[in-house]
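Counted from 1, the sequence shown has number 222 at position 222 by our numbering; the numbering is strictly sequential.
Down below is the structure, laid out as structure tokens.
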Amino acid sequence: MHVLGILDHGTRGDTLERVVDRTVDRLTQEGRVGVIRYDATIADGMHTHEPTAVGGDVIYDLGADGDWTATGTGMDVTDALDGLTPTCDYAVVVGVADLRYPKLVVGSSDVEDDDVIAAVDTPGELDVEAVVTALTETEPHETLESLVDQVKRSPTADRAGAIATFTGRVRAKDDDDDARTQYLEFEKYEGVADERMAALEADLEARDGVLEVELYHRTGVVADGEDIVFVVVLAGHREEAFRTVEDGINRLKDEVPLFKKEVTVDDEFWVHDRP
């Protein structure tokens, strides 16, 4: 699922909503769209005004309390995204400034942010086709559940008797005396990493009894306790499923060029530079 954040930089009236409507309507032509909006006027579980409706299949209103929970659901922004991922092709997140995904900024065409794929002063400046094209070229948001659902929909699923998975996550520390890791930051060798990942999936799927393989590795900042990498294998029997999962994660680490920076409470360093 591709995620797009839409931010308001001081617009007035319905300017933001017109941009949101146009963007969601266009994305709906490509697939199912979920809308998540953070509205500072939602407090104590009550709407202080009726928000403008937008298109899309799913809408969550995230309240303005200190925990950033969705009204009546107990979800935060990440939970909402994870909930949409198995069933949606796109998610539009409105009003979340620190979202770590591609962004469309409304109300300013002069924004310095590596995540911004488009910035407009007015709705008339919006090139929605260019936004959709740029968005589909970015890294999607995936969860273990979404990848498992994907392999279950495989044309070969009728021959599968096993699904095996691996999840790698950010470890806070190896020993009690270690400085706590705050987050890891991953960068990929553009072009090469994706090609190597696809080639590895194809090689693993060529094994006898293996029906489908999905590999996914996050890039950017991944905080302590968050998931980093998933390996999902659909196979005829458990033996080849387990074996392929183990080989898959080992070969991914060896063959796919991904660079990792570790940031602890005391230090930060690129792991490949550290003895």
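Ideal Cβ placement from N, Cα and C applies to all residues, glycine included.
At a cut-off of 7 Å, would you count residue i as near the ligand ATP, judging by its Cβ distance to the nearest heavy atom?
{"i": "Asp25", "result": "The ligand ATP is not part of this structure, which contains no ligands at all."}
Return the residue from the list the options that minimises the CA-CA distance to residue i.
{"i": "Thr138", "options": "Ile117, Val106, Glu129", "result": "Ile117"}
{"i": "Val105", "options": "Asp149, Gly10, Arg243, Leu211", "result": "Gly10"}
{"i": "Ala160", "options": "Val232, Val263, Arg32, Glu17", "result": "Val232"}
{"i": "Met1", "options": "Leu84, Leu16, Asp113", "result": "Leu84"}
{"i": "Arg169", "options": "Asp113, Ala223, Asp76, Val96", "result": "Ala223"}
{"i": "Ala193", "options": "Leu211, Ala179, Asp25, Tyr216", "result": "Tyr216"}
{"i": "Glu240", "options": "Leu204, Val33, Asp178", "result": "Leu204"}
{"i": "Pro140", "options": "Tyr183, Ile163, Asp76, Thr219", "result": "Thr219"}
{"i": "Lys261", "options": "Arg196, Glu185, Val94", "result": "Glu185"}
{"i": "Leu7", "options": "Thr28, Gly34, Tyr60, Asp98", "result": "Asp98"}
{"i": "Phe166", "options": "Trp270, Asp89, Cys88, Val229", "result": "Val229"}
{"i": "Glu268", "options": "Val245, Leu234, Arg180, Asn250", "result": "Arg180"}
{"i": "Tyr90", "options": "Glu17, Leu27, Arg196, Thr156", "result": "Leu27"}
{"i": "Val120", "options": "Thr23, Asp110, Glu129", "result": "Asp110"}
{"i": "Arg100", "options": "Asp115, Val94, Cys88, Glu190", "result": "Asp115"}
{"i": "Val213", "options": "Val221, Glu129, Phe242", "result": "Phe242"}
{"i": "Pro86", "options": "Thr136, Val33, Ser146, Tyr60", "result": "Ser146"}
{"i": "Glu17", "options": "Met197, Val148, Thr122", "result": "Thr122"}
{"i": "Thr15", "options": "Gly107, Asp177, Asp208, Glu112", "result": "Gly107"}
{"i": "Ala206", "options": "Val221, Gln182, Ala235", "result": "Ala235"}
{"i": "Asp127", "options": "Ile163, Arg22, Val3, Val151", "result": "Arg22"}
{"i": "Lys103", "options": "Ala134, Cys88, Met75, Asp76", "result": "Ala134"}
Does the beta-carbon of residue i have 16 or more other beta-carbons within 10 angstroms, so that it is buried, or is it exposed?
{"i": "Glu30", "result": "exposed"}
{"i": "Gly248", "result": "buried"}
{"i": "Asp82", "result": "buried"}
{"i": "Gly225", "result": "exposed"}
{"i": "Thr78", "result": "exposed"}
{"i": "Lys173", "result": "exposed"}
{"i": "Val271", "result": "exposed"}
{"i": "Tyr38", "result": "buried"}
{"i": "Thr143", "result": "buried"}
{"i": "Gly191", "result": "exposed"}
{"i": "Val131", "result": "buried"}
{"i": "Glu129", "result": "exposed"}
{"i": "Gly124", "result": "exposed"}
{"i": "Arg153", "result": "exposed"}
{"i": "Lys188", "result": "buried"}
{"i": "Arg171", "result": "exposed"}
{"i": "Arg196", "result": "buried"}
{"i": "Ala80", "result": "buried"}
{"i": "Ala164", "result": "buried"}
For the beta strand (DSSP E) containing residue i, name the first residue and the last one.
{"i": "Lys173", "result": "First-last for Lys173: undefined, no H or E at that position."}
{"i": "Glu201", "result": "From DSSP, Glu201 is part of no beta strand (DSSP E) but of the alpha helix (DSSP H) over 192-205."}
{"i": "Tyr183", "result": "181-188"}
{"i": "Val35", "result": "33-38"}
Under a three-way DSSP split, which group does residue i fall into?
{"i": "Asp8", "result": "strand"}
{"i": "Arg218", "result": "coil"}
{"i": "Arg159", "result": "helix"}
{"i": "Ala223", "result": "strand"}
{"i": "Val3", "result": "strand"}
{"i": "Val265", "result": "coil"}
{"i": "Ala164", "result": "strand"}
{"i": "Ala80", "result": "helix"}
{"i": "Lys260", "result": "strand"}
For residue i, would you say it is in contact with chain B, using Cβ-to-Cβ distances shorter than 8 Å as the test?
{"i": "Val106", "result": "Judged by its chain identifiers, the structure shown contains no chain B, having just a single protein chain."}
Quick check on the DSSP output: the alpha helix (DSSP H) that includes residue i runs from which residue to which?
{"i": "Ala241", "result": "238-255"}
{"i": "Asp21", "result": "15-28"}
* Whole beta strand (DSSP E) runs in the region 82-156 with 3 or more residues, listed along the chain? -> Listed in chain order, they are 90-94, 103-106, 116-120.
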